[in-house]
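First comes the structure, then the notes that go with it.
2 protein chains.
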Amino acid sequence: MSTARGARARARIEVTAAIKDEARRQLAEEGAAKLSLRAVARELGMVSSALYRYFPSRDDLLTALIIDAYDSLGETAEAAHAKVADAGPVRRWTVVCEAVRDWALAHPHEYALIYGSPVPGYTAPDTTVPAASRVGLLLIGIIRDAHQGAGVALPRLPAELEPEARRLAEDLAPDLPPAVVTALVAAWAQLYGLVGFELFGQFNRLVEDREPFFRHAVAQLGHGVGLVFPQDTGTGGRGSRSGS
Amino acid sequence: MSTARGARARARIEVTAAIKDEARRQLAEEGAAKLSLRAVARELGMVSSALYRYFPSRDDLLTALIIDAYDSLGETAEAAHAKVADAGPVRRWTVVCEAVRDWALAHPHEYALIYGSPVPGYTAPDTTVPAASRVGLLLIGIIRDAHQGAGVALPRLPAELEPEARRLAEDLAPDLPPAVVTALVAAWAQLYGLVGFELFGQFNRLVEDREPFFRHAVAQLGHGVGLVFPQDTGTGGRGSRSGS
DNA sequence: ACACAAACGAGAGCACTGCTCTTGCTTTGG
DNA sequence: CCAAAGCAAGAGCAGTGCTCTCGTTTGTGT
Numbered sequence: 001m002s003t004a005r006g007a008r009a010r011a012r013i014e015v016t017a018a019i020k021d022e023a024r025r026q027l028a029e030e031g032a033a034k035l036s037l038r039a040v041a042r043e044l045g046m047v048s049s050a051l052y053r054y055f056p057s058r059d060d061l062l063t064a065l066i067i068d069a070y071d072s073l074g075e076t077a078e079a080a081h082a083k084v085a086d087a088g089p090v091r092r093w094t095v096v097c098e099a100v101r102d103w104a105l106a107h108p109h110e111y112a113l114i115y116g117s118p119v120p121g122y123t124a125p126d127t128t129v130p131a132a133s134r135v136g137l138l139l140i141g142i143i144r145d146a147h148q149g150a151g152v153a154l155p156r157l158p159a160e161l162e163p164e165a166r167r168l169a170e171d172l173a174p175d176l177p178p179a180v181v182t183a184l185v186a187a188w189a190q191l192y193g194l195v196g197f198e199l200f201g202q203f204n205r206l207v208e209d210r211e212p213f214f215r216h217a218v219a220q221l222g223h224g225v226g227l228v229f230p231q232d233t234g235t236g237g238r239g240s241r242s243g244s
Numbered sequence: 001m002s003t004a005r006g007a008r009a010r011a012r013i014e015v016t017a018a019i020k021d022e023a024r025r026q027l028a029e030e031g032a033a034k035l036s037l038r039a040v041a042r043e044l045g046m047v048s049s050a051l052y053r054y055f056p057s058r059d060d061l062l063t064a065l066i067i068d069a070y071d072s073l074g075e076t077a078e079a080a081h082a083k084v085a086d087a088g089p090v091r092r093w094t095v096v097c098e099a100v101r102d103w104a105l106a107h108p109h110e111y112a113l114i115y116g117s118p119v120p121g122y123t124a125p126d127t128t129v130p131a132a133s134r135v136g137l138l139l140i141g142i143i144r145d146a147h148q149g150a151g152v153a154l155p156r157l158p159a160e161l162e163p164e165a166r167r168l169a170e171d172l173a174p175d176l177p178p179a180v181v182t183a184l185v186a187a188w189a190q191l192y193g194l195v196g197f198e199l200f201g202q203f204n205r206l207v208e209d210r211e212p213f214f215r216h217a218v219a220q221l222g223h224g225v226g227l228v229f230p231q232d233t234g235t236g237g238r239g240s241r242s243g244s
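Top line first, the protein sequences correspond to chains A and B.
The numbering used here numbers the first residue of the first sequence as 1 and each following residue consecutively.
The numbering used here numbers the first residue of the second sequence as 1 and each following residue consecutively.
See the structure below:
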C-alpha cells in the first residue's frame, strides 16, 4: 500500500502540527515563559508524557516555534516585497521594513522569542540560521539592485573597519562594495532596535504617532545604506549649521 | 533612643539588600527566568515564605532589580561621560554610547531584563521611568551642548512628522529643534538595536571585529542627530554615485 | 511599666511545572 | 506471523510561586 508507512507517519505529522498550533496559541496569548507543556497536552486531550514522544523537551518545542516564527516573518516580508517588486529600491526598502514592523506588532510574543532576549539558558541551534536569514537576504537583494541601477551612494568607511567590511562583503554579498554591506548590517540591527523599542513599550508615553516616526527612521536607515530618496534631489537642508 | 525606630528598620533594609544582592547574583548567572525566590531564600538561610515579607511577589523583586539595573547603567554612562565632560560633543557622544555597550556586555542578563523582551506577562510600573531616563537625558544634554556650540547640522524632517516632532521636543527638550529631538529618539532606539543584536548573538558568525563596527555605527548615529564629525570637514565621499 | 499591635520567621500545604520511568496496547516491517 | 518499534497513559520526583497559620519578637502609645 502506498500509504503503508503513511498511516502512522501521517498521524505523527498531524499530532506534531496540532501540538505546535496549540503551543503557538498559548505563546501568542501568554508569552514564551508561560508556555506549558502540560497545558498544551491538556488542551489536546492527551497526557503530558505523551507529548515527549514528539518533542524531547520544552526547549525543542520552543525551537520549532522559533523556526516557524522566522519563516512566518520571512514569508510576510517576501510577500510584501513581491507586491512592489517592480518599484524602485527606495519603495521596496520601505515596504520590507514596514512589513517587518507590521508582523512584529501582530505577533509580539513570537517577535520577542526570536529578537528579544533569548529564552532562559537557551541558545538557538544552527538549525534556525537559514530561516533567520530570509529578511536579510531580501534587504541585500534590494540594495544590490539599487547599486546596479546607480541609485545608491557609497557610504563612508573608516580605515579601521576595512578588514571586517571585506569579511562581511565576502560572506554576504561579494558583488557589493564592503562599505555598503557593512552599512547594511548596521541598518539591519538598527531596524530591529526601532521595532523592539516600540514593541516592548519603550516608546510608551513618548512617541505617539508611531507610523510616521517609523517611516522617517526607516528612510534615514535607507540613507545609511546609500539609498537616494526622491526628496534628496531637491534643495538640501543638510549641512546648514545652526548657530548659537 | 535615636535608633528607636531604627533597629528593626535597619534590619529590614539590610535584609532587603541581601535579598536583592543574592537575587542579582542568580540573575547574572542564570538569567531572569531561572531566578527563584526559593533559591534566594535558601541561599540566605531563610525559609521562602519569610521572603514575602520583603517582596510581595517575584515580580516585585524583579522590578526592584530592573530599577537597580537602570540605575547601574545610568551611573556607568554618567561616570564615563564625566571623564570627558570637557571634550567636544562628538567625543562625549561616542563615549556614552560605548559605555552603554560595555555595560551591556558586562551585565548581559540585566540588560536583557530591561531592554530585551519584557518578562512573561509583566509590564514595568511607572516607578522605573526616572531610572530608565538617565542615559537618554545624558544624550539630550550632549546634543544640546552641540547645538549651542554650532557643531550640529539640522536633520531633515518630513511634514507628516512635524506634529509628533513638536510633541517630542515639548516633552524632552523644548529648547531644541523638533527635528533634532526626533532624530535623537530614533538614534536612541537604534543604539539599543546595535547593542541587542551583538548581545543576543545575532552577530555570531557574522561580525567579528565588533568594536570598530560598533564605533562606526555609533558615528553614523551621531550623523543622524546632526553631529558633525572631524572627518566630515575633509573632501566628502558622499554623493558619489556608483554606476552600472 | 504594661499592654496592644504590628512585624517577623518558620512550617505545612496547594496547585502548578518539566521530566522520567514503567506498564500495557497498537501498528509496522522483515 | 511475530518481534520490534511506536505510542498513550499513569505514577512519581524534584522543583516552583504563593498562601495561611502559628508562636515569637519588637516597637509604640497610654
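Glycine is no exception: its CB is placed at the ideal position from the N, C-alpha and C atoms.
Every value quoted in this text rests on a predicted model; they were computed, and no experiment measured them.
Next on the checklist: Here's the rule: buried if 16 or more other CB atoms are within 10 angstroms of the residue's CB, otherwise exposed. What is A/L110?
Outcome noted: Start at 1 with the first residue of the first sequence, and residue 110 of chain A comes out as number 110. Checking the sequence shown, residue 110 of chain A turns out to be Glu, not Leu. Buried.
Checklist entry - Between B/E98 and B/R134, which are expected to be in contact by the criterion C-beta below 8 Å, what is the C-beta distance as a whole number of angstroms? => result For the purposes of this step, residue 98 of chain B is taken as the residue at position 98 of the second sequence. For the purposes of this step, residue 134 of chain B is taken as the residue at position 134 of the second sequence. Contact doesn't hold; Cβ gap of about 16 Å is too wide.
Next on the checklist: Taking 7 Å as the limit between beta carbons, can you name the residues of its chain near A/I114, skipping five residues before and five after?
Outcome noted: The sequence position of residue 114 of chain A within the first sequence is 114, counting from 1. Hits under 7 Å: I66, A69, Y70.
Item to check | Pair within 8 Å by beta-carbon distance, A/R58 and A/L44 | outcome: Counted from its first residue, the first sequence places residue 58 of chain A at position 58. Counted from its first residue, the first sequence places residue 44 of chain A at position 44. No; because the gap between Cβ atoms is not below 8 Å, this pair is not in contact.
Next on the checklist: Quick check on A/A87: does DSSP put it in helix, strand or coil?
Outcome noted: Indexing the first sequence from 1 puts residue 87 of chain A at position 87. Correct three-state label for A/A87: coil.
Next on the checklist: Using a Cβ-Cβ cutoff of 9 Å, what residues of the stretch 56-83 of chain A are near chain B? List them in chain order.
Outcome noted: none
Checklist entry - Listing by chain order, which chain A residues have their CB less than 7 Å from the CB of B/P89? => result The residue labelled residue 89 of chain B in the question sits at position 89 within the second sequence. Under the 7 Å cutoff, chain A gives no residues; its nearest Cβ is about 13 Å from B/P89.
Checklist entry - Could you check where the alpha helix (DSSP H) with A/H107 kicks off and where it finishes? => result Numbered from 1 along the first sequence, position 107 holds the residue referred to as residue 107 of chain A. It is not in any alpha helix (DSSP H) - A/H107 carries neither H nor E in the DSSP assignment.
Checklist entry - Who are the near neighbours of A/V195 in its chain, counting only those whose CB is closer than 7 Å to its CB and skipping five residues on each side? => result Translated into the one-based positions of the first sequence, residue 195 of chain A becomes position 195. Only V100, R101, A104 meet the Cβ criterion.
Checklist entry - Under the rule that 16 or more other beta-carbon atoms within 10 Å means buried, what is B/A173, buried or exposed? => result Within the second sequence, residue 173 of chain B is the residue found at index 173, counting from 1. Label assigned to B/A173: buried.
Next on the checklist: At 4 residues or longer, what runs of the alpha helix (DSSP H) sit wholly inside the stretch 132-167 of chain A?
Outcome noted: 134-148
Next on the checklist: Does the CB of B/A131 have a neighbour CB from chain A at under 8 Å?
Outcome noted: Counting from 1 along the second sequence, the entry for residue 131 of chain B is found at position 131. No, B/A131 lies away from the interface with chain A (no Cβ there is under 8 Å from its Cβ).
Item to check | Exposure label - A/T127; buried when at least 16 CB within 10 Å | outcome: Position 127 of the first sequence, counted from the start, is the residue given in the question as residue 127 of chain A. By the neighbour-count rule (16 or more Cβ atoms within 10 Å), A/T127 is not buried but exposed.
Item to check | B/G201 - containing alpha helix (DSSP H), residue span | outcome: One-based indexing of the second sequence puts residue 201 of chain B at position 201. From DSSP, B/G201 is part of no alpha helix (DSSP H); its letter is neither H nor E.
Next on the checklist: Within the continuous alpha helix (DSSP H) that includes B/G224, where are the two ends?
Outcome noted: Here residue 224 of chain B refers to the residue found at position 224 of the second sequence. Note, B/G224: alpha helix (DSSP H), 210-224.
Item to check | Validate contact between the stretch 199-213 of chain A and the stretch 177-187 of chain A using beta carbons, cut 8 Å, 3 pairs | outcome: no
Item to check | Residue from A/G88, A/V180, A/Y192 with nearest C-alpha to B/S117 | outcome: Taking the second sequence and counting its residues from 1, the one referred to as residue 117 of chain B is at position 117. Comparing Cα-Cα distances from B/S117 to each of A/G88, A/V180, A/Y192, the minimum goes to A/Y192.
Next on the checklist: Tell me the DSSP secondary structure of A/L51 in three-state form.
Outcome noted: Taking the first sequence and counting its residues from 1, one reaches residue 51 of chain A at position 51. Three-state result, A/L51: helix.
Item to check | Beta-carbon proximity of A/V181 to A/G226, cut-off 8 Å | outcome: Sequence index remark: in the first sequence, residue 181 of chain A carries index 181 (1-based). Sequence index remark: in the first sequence, residue 226 of chain A carries index 226 (1-based). Against a cut-off of 8 Å, the Cβ pair of A/G226 and A/V181 comes out as no contact.
Next on the checklist: Measuring only the C-alpha atoms, how far is A/S49 from A/A39?
Outcome noted: Here residue 49 of chain A corresponds to residue number 49 of the first sequence, with the count starting at 1. Here residue 39 of chain A corresponds to residue number 39 of the first sequence, with the count starting at 1. Each residue's Cα considered, the two are about 12 Å apart.
Checklist entry - Taking C-alpha atoms, which residue in B/A217, B/A18, B/V95, B/G31 lies nearest to A/N165? => result Looking up residue 165 of chain A in the first sequence gives position 165. This sequence places Ala at residue 165 of chain A; Asn is not what is there. Among B/A217, B/A18, B/V95, B/G31, the Cα nearest to that of A/A165 belongs to B/A217.
Item to check | A/T16 versus A/L51 - alpha carbon distance | outcome: Residue numbering aside, residue 16 of chain A sits at position 16 when the first sequence is read from its first letter. Residue numbering aside, residue 51 of chain A sits at position 51 when the first sequence is read from its first letter. Spanning the two alpha carbons is a distance of roughly 9 Å.
Next on the checklist: Looking at chain B, is there any beta carbon in it that lies within less than 8 Å of the beta carbon of A/Y192?
Outcome noted: Reading the first sequence from its first residue, position 192 is the one you call residue 192 of chain A. Cβ-Cβ to chain B under 8 Å: yes for A/Y192.
Next on the checklist: For B/E14, count the other beta carbons within 10 Å of its own beta carbon; 16 or more makes it buried, fewer makes it exposed. Which is it?
Outcome noted: Locating residue 14 of chain B in the second sequence gives position 14, counting from the first residue. Label assigned to B/E14: exposed.
Item to check | 8 Å CB neighbourhood of B/L199 in its chain, flanking five on each side removed | outcome: Against the second sequence, residue 199 of chain B aligns to sequence position 199. Correct list, in chain order: A104, L105, P108, Y111, A112.
Checklist entry - Should B/G121 go down as buried or exposed, given a rule of 16 or more other Cβ atoms within 10 Å for buried? => result Your numbering for residue 121 of chain B matches position 121 in the second sequence. In this prediction, B/G121 has a pLDDT of 45, which is less than 50 and means its spatial position is unreliable; nothing more can be read from the coordinates.
Item to check | Beta-carbon proximity check, B/D175 vs B/P89, cutoff 8 Å | outcome: As a first step, residue 175 of chain B is located in the second sequence; it is residue number 175 there, counting from the start. As a first step, residue 89 of chain B is located in the second sequence; it is residue number 89 there, counting from the start. Not a contact, by the Cβ cut-off of 8 Å.
Checklist entry - Anyone know if the C-beta pair for A/I140 and A/W93 falls short of 8 Å? => result Numbered from its first residue, the first sequence carries residue 140 of chain A at position 140. Numbered from its first residue, the first sequence carries residue 93 of chain A at position 93. No, the Cβ-Cβ distance between A/I140 and A/W93 is not below 8 Å.
Item to check | Closest residue to B/P163 among B/G136, B/G224, B/P177 (Cα-Cα distance) | outcome: Indexing the second sequence from 1 puts residue 163 of chain B at position 163. Answer by Cα proximity: B/P177.
Item to check | For B/L37, the first and last residue of its enclosing alpha helix (DSSP H) | outcome: Position 37 of the second sequence holds residue 37 of chain B. Its alpha helix (DSSP H) spans residues 37-43.
Next on the checklist: I'd like the list of long-range same chain contacts for A/Q26, defined as Cβ closer than 6 Å, with 5 residues on each side in sequence excluded.
Outcome noted: In the first sequence, counting from the first residue as 1, residue 26 of chain A sits at position 26. Within the same chain, A/Q26 has close Cβ partners L35.
Next on the checklist: For chain B, check one thing: does any of its Cβ atoms lie closer than 8 Å to the Cβ of A/P212?
Outcome noted: As a first step, residue 212 of chain A must be located in the first sequence, where it is residue number 212. True, the Cβ-Cβ gap to chain B drops below 8 Å.
Checklist entry - Quick one: what's got a C-beta closer than 7 Å to A/F197's C-beta in the same chain, skipping five residues either side? => result Residue 197 of chain A sits at position 197 when you count from the first residue of the first sequence. Excluding sequence neighbours, A/F197 sits near F203.
Next on the checklist: Given this structure, state the Cα-to-Cα distance separating B/L137 from B/L221, to the nearest angstrom.
Outcome noted: Numbered from its first residue, the second sequence carries residue 137 of chain B at position 137. Numbered from its first residue, the second sequence carries residue 221 of chain B at position 221. So the alpha carbons of these two residues sit roughly 17 Å apart.
Item to check | Rounded straight-line distance, which links the Cα of B/A82 to that of B/A41 | outcome: For the purposes of this step, residue 41 of chain B is taken as residue 41 along the second sequence, with counting starting at 1. For the purposes of this step, residue 82 of chain B is taken as residue 82 along the second sequence, with counting starting at 1. Those two C-alpha atoms are separated by around 39 Å.
Checklist entry - Who are the neighbours of B/A217 on chain A, taking C-beta pairs under 7 Å? => result As a working mapping, residue 217 of chain B is identified with position 217 in the second sequence. The answer, in chain order, is A186.
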